[in-house]
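Asker:
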Amino acid sequence: GQNIDQPTEMTATEGAIVQINCTYQTSGFNGLFWYQQHAGEAPTFLSYNVLDGLEEKGRFSSFLSRSKGYSYLLLKELQMKDSASYLCAVFNDYKLSFGAGTTVTVRA
Amino acid sequence: NAGVTQTPKFRILKIGQSMTLQCTQDMNHNYMYWYRQDPGMGLKLIYYSVGAGITDKGEVPNGYNVSRSTTEDFPLRLELAAPSQTSVYFCASTRPGDETSGANVLTFGAGSRLTVL
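Chains as they are written, first to last, in the working numbering: chain A, 1 to 108; chain B, 1 to 117.
1) Find the residues of chain B that neighbour residue 94 of chain A, judging by a C-beta separation of less than 7 Å, and give them in chain order.
2) Could you check the C-alpha separation between residue 113 of chain B and residue 36 of chain B for me, to the nearest Å?
3) Relative to the C-alpha of residue 86 of chain A, which candidate in A:20, A:108, A:76, A:26 has its C-alpha closest?
4) Nearest to residue 30 of chain A by CA position, among A:55, A:81, A:48, A:56, is which residue?
5) Does the ligand MG have a heavy atom nearer than 7 Å to the CB of residue 44 of chain A?
6) Using alpha carbons as the reference points, say which of A:108, A:68, A:41, A:34 lies closest to residue 56 of chain A.
7) Please confirm if residue 90 of chain B has its CB atom under 8 Å from at least one CB of chain A.
8) Quick one: what does DSSP say residue 19 of chain A is sitting in, helix, strand or coil?
9) Go ahead and pull the three-state DSSP assignment for residue 17 of chain B.
10) By Cβ distance, which residues of its chain are closer than 7 Å to residue 134 of chain B, with the 5 residues on each side in sequence left out?
11) What three-state label does DSSP hand residue 80 of chain A in the structure shown?
12) Kindly list, in the order they appear in chain A, the residues whose Cβ is closer than 7 Å to that of residue 109 of chain B.
13) Going by DSSP, what residues sit across from residue 22 of chain B in a beta bridge?
14) Based on the DSSP secondary-structure assignment, which residues constitute the bridge partners of residue 97 of chain A?
15) May I ask you to list, following chain order, the residues of the segment 70 to 95 of chain A that have a beta carbon less than 7 Å from some beta carbon of chain B?
16) Would you mind telling me which residues of chain B sit closer than 9 Å to residue 27 of chain A, beta carbon to beta carbon, in chain order?
17) Quick one, are the C-beta atoms of residue 107 of chain B and residue 3 of chain B less than 8 Å apart?
18) By the 10 Å Cβ neighbour count, where 16 or more other Cβ atoms means buried, how is residue 43 of chain A classified, buried or exposed?
19) DSSP has residue 90 of chain B in a bridge; who is on the other side?
20) Give me the DSSP bridge partner(s) of residue 66 of chain B.
21) Can you name the residues that DSSP bridges to residue 37 of chain A?
22) For chain B, check one thing: does any of its Cβ atoms lie closer than 8 Å to the Cβ of residue 62 of chain A?
23) Just checking my contact of residue 105 of chain A with residue 6 of chain A at CB under 8 Å: how many whole Å lie between their CB atoms?
24) Among B:58, B:87, B:8, B:97, which one has its Cα closest to the Cα of residue 40 of chain B?
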């Protein structure tokens with residue numbers, strides 16, 4: 001089975017940094033994804049970790065520790081447009097399983 | 001390049017009615033998926049397919065059927081609509097392979113919002 005946990009909500013101020021944690025217990029593992037989803041829209045791809053360590057893409061970074069079943073998404077220099085839901089997902093056996101998502105609200 | 005196209009975008013059904021959600025992709029992706037997303041929740045996998053003629057159940061397949069007669073199309077059928085099937089449905093596709101080439105990254109359609117009354 002798949003168990004993917006992440007916080008429900010987070011609030012931060014414009015220009016700040018926010019870290020969204022994700023822990024997973026899955027029957028297999030071929031990679032960990034982070035998706036961004038604005039209200040009423042489809043999810044869009046942010047990052048993909050297969051090996052342990054940090055992947056940096058502009059203002060967004062994602063970290064993976066396979067031995068701990070742990071990942072985080074780091075959002076730097078927050079902007080109002082970053083207000084969205086962030087979905088942690090594990091890819092295994094042809095399928096992508098999602099956590100419930102973390103709603104991030106950016107305040108001015 | 002249209003990507004993943006879903007129709008219809010919105011639909012209201014009465015209990016017991018049937019309908020098909022259409023999904024087509026023009027990226028020659030082998031893998032295709034149907035997810036549903038209830039308000040405030042993550043995505044739950046309904047069915048998936050790794051190629052034409054091959055389909056398999058996901059987490060929540062009850063009340064749904066799929067077919068994959070071509071690489072491009074992956075329709076989702078609701079036979080007897082129930083209020084519990086009120087949700088937003090997303091179709092997605094990807095290609096397998098080495099992650100460094102962008103493989104395994106799911107591309108999503110815009111979604112189909114279904115209400116069953």
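For each residue, glycine too, the CB sits at the ideal point set by N, CA and C.
On a predicted model such as this, the values are computed, not experimentally measured, just so you know.
Answerer: Well, looking at it:
1) 31, 48, 50
2) 10 Å
3) A:20
4) A:48
5) Because no ligand of any kind appears in the structure shown, any question about the ligand MG cannot be addressed here.
6) A:34
7) yes
8) strand
9) coil
10) No statement about residue 134 of chain B is possible, as the shown extent of chain B runs from 1 to 117 and does not include it.
11) helix
12) 42
13) B:7
14) A:90
15) 87, 91, 94, 95
16) In chain order: nothing, as chain B lies at least about 13 Å away.
17) yes
18) buried
19) B:35
20) B:76
21) A:85
22) no
23) Contact flag wrong, Cβ pair sits at about 15 Å.
24) B:87
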